[in-house]
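Worksheet for the structure shown next.
Protein chains: 2
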Amino acid sequence: MTVIALDVMSGDLGAQECVPAALCALQDDPLLELKLVGQPEIIDALLSAAAPAGALRRRLQVVPASEIILMTDAPREAIRRKKDSSMRVAIDLVREARADAVVSAGNTGALTAIAHFVLKCLAEVERAPIMSAVPNAAGYTHILDLGANVRATAHQLEQFAIMGAIVARDVHDTQRPRVGLLNIGAEESKGHDLVQEAHVLLRAWADSHRHRDFEYVGFVEGGDIFTGKVDVVVTDGFTGNVALKTMEGVAGLISGRLRSEFTANWTSKLAAILSRPVLKRVSGSLDPRRYNGAVMVGLRKVVVKSHGNADRVALARAIAIAATAVRRELVTHVQQALEADAPAAP
Amino acid sequence: MTVIALDVMSGDLGAQECVPAALCALQDDPLLELKLVGQPEIIDALLSAAAPAGALRRRLQVVPASEIILMTDAPREAIRRKKDSSMRVAIDLVREARADAVVSAGNTGALTAIAHFVLKCLAEVERAPIMSAVPNAAGYTHILDLGANVRATAHQLEQFAIMGAIVARDVHDTQRPRVGLLNIGAEESKGHDLVQEAHVLLRAWADSHRHRDFEYVGFVEGGDIFTGKVDVVVTDGFTGNVALKTMEGVAGLISGRLRSEFTANWTSKLAAILSRPVLKRVSGSLDPRRYNGAVMVGLRKVVVKSHGNADRVALARAIAIAATAVRRELVTHVQQALEADAPAAP
Numbered sequence: 001m002t003v004i005a006l007d008v009m010s011g012d013l014g015a016q017e018c019v020p021a022a023l024c025a026l027q028d029d030p031l032l033e034l035k036l037v038g039q040p041e042i043i044d045a046l047l048s049a050a051a052p053a054g055a056l057r058r059r060l061q062v063v064p065a066s067e068i069i070l071m072t073d074a075p076r077e078a079i080r081r082k083k084d085s086s087m088r089v090a091i092d093l094v095r096e097a098r099a100d101a102v103v104s105a106g107n108t109g110a111l112t113a114i115a116h117f118v119l120k121c122l123a124e125v126e127r128a129p130i131m132s133a134v135p136n137a138a139g140y141t142h143i144l145d146l147g148a149n150v151r152a153t154a155h156q157l158e159q160f161a162i163m164g165a166i167v168a169r170d171v172h173d174t175q176r177p178r179v180g181l182l183n184i185g186a187e188e189s190k191g192h193d194l195v196q197e198a199h200v201l202l203r204a205w206a207d208s209h210r211h212r213d214f215e216y217v218g219f220v221e222g223g224d225i226f227t228g229k230v231d232v233v234v235t236d237g238f239t240g241n242v243a244l245k246t247m248e249g250v251a252g253l254i255s256g257r258l259r260s261e262f263t264a265n266w267t268s269k270l271a272a273i274l275s276r277p278v279l280k281r282v283s284g285s286l287d288p289r290r291y292n293g294a295v296m297v298g299l300r301k302v303v304v305k306s307h308g309n310a311d312r313v314a315l316a317r318a319i320a321i322a323a324t325a326v327r328r329e330l331v332t333h334v335q336q337a338l339e340a341d342a343p344a345a346p
Numbered sequence: 347m348t349v350i351a352l353d354v355m356s357g358d359l360g361a362q363e364c365v366p367a368a369l370c371a372l373q374d375d376p377l378l379e380l381k382l383v384g385q386p387e388i389i390d391a392l393l394s395a396a397a398p399a400g401a402l403r404r405r406l407q408v409v410p411a412s413e414i415i416l417m418t419d420a421p422r423e424a425i426r427r428k429k430d431s432s433m434r435v436a437i438d439l440v441r442e443a444r445a446d447a448v449v450s451a452g453n454t455g456a457l458t459a460i461a462h463f464v465l466k467c468l469a470e471v472e473r474a475p476i477m478s479a480v481p482n483a484a485g486y487t488h489i490l491d492l493g494a495n496v497r498a499t500a501h502q503l504e505q506f507a508i509m510g511a512i513v514a515r516d517v518h519d520t521q522r523p524r525v526g527l528l529n530i531g532a533e534e535s536k537g538h539d540l541v542q543e544a545h546v547l548l549r550a551w552a553d554s555h556r557h558r559d560f561e562y563v564g565f566v567e568g569g570d571i572f573t574g575k576v577d578v579v580v581t582d583g584f585t586g587n588v589a590l591k592t593m594e595g596v597a598g599l600i601s602g603r604l605r606s607e608f609t610a611n612w613t614s615k616l617a618a619i620l621s622r623p624v625l626k627r628v629s630g631s632l633d634p635r636r637y638n639g640a641v642m643v644g645l646r647k648v649v650v651k652s653h654g655n656a657d658r659v660a661l662a663r664a665i666a667i668a669a670t671a672v673r674r675e676l677v678t679h680v681q682q683a684l685e686a687d688a689p690a691a692p
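Protein chains in written order, with the working numbering: chain F, 1 to 346; chain U, 347 to 692.
Structural data, given as structure tokens:
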């Protein structure tokens, strides 16, 4: 059995979506057990309303937590003051080995801070980045860091690359992932000292033959995230977060324009009706719910961050990612790879 | 008369598009004079083929330059070795006051380096950023720096904000531009030390009442580039370049998906025919050609960078932007604003 602690109260939609997501995930995965962490009266009411089958209900346990960390709470305050919050209690369950992994849709800053504080990084890891998938022309590109660390040294970027390749392989079944370092041009001379240094480290890493399972392709540009040229794109949390939100912003702009133009007059409305299956397929293929579940990699345990506004479908996907990460022994593989890499590090 | 030196040979499409663009620009603007810089035999052949009216032809002069700076040329080598290149000769014309501004679709790194080397920054300016417009839900957002400087100090970001607001006002007619600083969250506590410092400088700048014409709205996120929340987004050249290319990449991914889904079967092909006007309006409203022409601001003269693959329509737009910048006395206004700001600077 894989046991996952689910922070039920956090996220924009809270227990309303988390409880149905939990039932969905249990239905999909007979080897899964869930601990729903939050206010019991709310969870129980939602469970009674959903009335799951007994066999399902037995793989589900409610763990009480009285507080909720809000999206506006500062990470430090969240650590210090909200020790009985659903996020903290869920993470504590993992530390106490009462759960194998934690999934939360809550405040990213607080989750990053509490996960680092309670679960700690692996010995070799300096910072744990957040990694998620975004659609590309051929499938998915995994990007890290998406905002856990606003700065990264060259050595940290090298570690992000190694960890990112392992997540792509172990969790997302990408054989021999191609890893690229985000820069403002593909030419060797481009970029600042930090990406230049990281590039040298990654070249050495690629040449060392210790990581035959991954390929380092060098510098990539923002546009390459979407072409399928690479499987993993490595950058610092500031740049990664800007890229992710830019991506979401452009997609929103284009879909807004399509919506307003398709409803502009009666001929365009007719065209919209006929185009509905096409538009549905396109938006479905780019649907962020399909790739929800960002892994915080480099910690001693598996932590998965769900999008704040994730609905039940998206949340169930994040739970499945956490379960896969546990079963494929992600943490052990990351540790082994970084231990093997340690002598080469500065 | 406004005289613009046009680097005819650079860019992916070269003289083939530059010469028709020049004729277009002259047609649109009777107070414009152009100096076409490049290989005379090529330019003359294209001019003969186009056979412009005599009145138009008289506002056009060919200035010979034997070399071409390639997209692959390193900036330093371009400065040192290609002194008779079309880009260099065009910039020299501006330095010698034989032209008021220069427009080039060539190698960004080389253009940045040669423009800085030959024309120099204004006394108060440390680095000249590149600024361009991208579409948002309501009109356009201007972003800088898009890649002229891979790093920027807090003081440089402050200068980018001031210069960006002036370009938005003087060249793009945005009254009282709202300026935002790109970060990974809108909350005051977010981001690294550098954006935090720049934020303090910009708050002070906004409070100083010396720049009543602009408004500083604080931190914005990647998604805010497209909502119309601000008119100017300020960031360093690394982040700005990644955001720009990410934006282009996503737009390409979505239009690729639409194309393939609209041609998937006969019903979708029928829907495509009916949707053609809608899709044309959407892609037209997002057409990068409509906002071509990035101003390199902070130099002693007006320099406008066109997209490398710009066609005649896009190039004519870049020429028009350069002419507007000259007529609105952009350089003088930038100088005055930074002189006024100088005492407050660290």
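By construction, the Cβ of each residue, glycine as well, lies at the ideal position given by its N, Cα and C atoms. Please read all numbers here as calculations on a predicted model, not as lab measurements.
Classification of residue i by the beta-carbon crowding that lies within 10 angstroms, buried from 16 upward
i        : result
U:Thr348 : buried
F:Val195 : buried
U:Thr613 : exposed
F:Asn292 : buried
F:Pro346 : Note that F:Pro346 scores 41 on pLDDT, short of 50, meaning its location in the model is unreliable; the coordinates nonetheless yield the value given after this. It counts as exposed.
F:Ser208 : exposed
U:Ala484 : exposed
U:Ser431 : buried
U:Val546 : exposed
F:Gln39  : buried
F:Pro30  : exposed
F:Glu329 : exposed
F:Ala344 : Annotation note: pLDDT 48 at F:Ala344 (below 50); position unreliable, no value reported.
Cβ of residue i within 8 Å of any chain F Cβ
i        : result
U:Thr678 : no
U:Ala483 : yes
U:His488 : no
U:Arg627 : yes
U:Ile415 : no
U:Leu599 : yes
U:Val525 : no
Beta-carbon proximity of residue i to residue j, cut-off 8 Å
i        : j        : result
U:Arg422 : F:His192 : no
F:Val297 : F:Ala45  : no
F:Pro64  : F:Leu23  : no
U:Ser576 : U:Thr458 : Going by the sequence as given, residue 576 of chain U is Val instead of Ser. No. Outside cutoff.
U:Val517 : U:Ala436 : no
U:Ala456 : U:Met477 : no
U:Asp353 : U:Val448 : yes
U:Pro560 : U:Arg622 : The question names Pro, but residue 560 of chain U in the sequence shown is Phe. Contact flag unset, no.
Three-state secondary structure assigned by DSSP to residue i
i        : result
F:Glu158 : helix
U:Asp516 : helix
F:Arg290 : helix
F:Lys35  : strand
F:Asp7   : strand
U:Arg404 : coil
U:Pro692 : Reliability of the predicted coordinates at U:Pro692 is poor, the pLDDT of 42 falling under 50, and the value obtained from them is presented with this limitation in mind. Coil.
F:Glu41  : helix
F:Gly222 : helix
U:Ile414 : coil
F:Ile321 : helix
F:Val230 : coil
U:Arg434 : helix
U:Thr348 : strand
U:Val448 : strand
U:Arg549 : helix
CB contact below 8 Å: residue i versus chain U
i        : result
F:Lys120 : no
F:Thr239 : yes
F:Arg81  : no
F:Ala133 : no
F:Gly293 : no
F:Thr246 : yes
F:Ser208 : no
F:Pro277 : yes
(message) With three or more beta-carbon pairs closer than 8 Å as the criterion, would you say the region 447-464 of chain U touches the region 161-176 of chain F?
(response) no
(request) Determine contact between the region 219-228 of chain F and the region 250-259 of chain F, defined as no fewer than three beta-carbon pairs at a distance below 8 Å. (result) no
(message) Does the structure place the region 306-326 of chain F close enough to the region 617-627 of chain U that three or more beta carbon pairs sit under 8 Å?
(response) no
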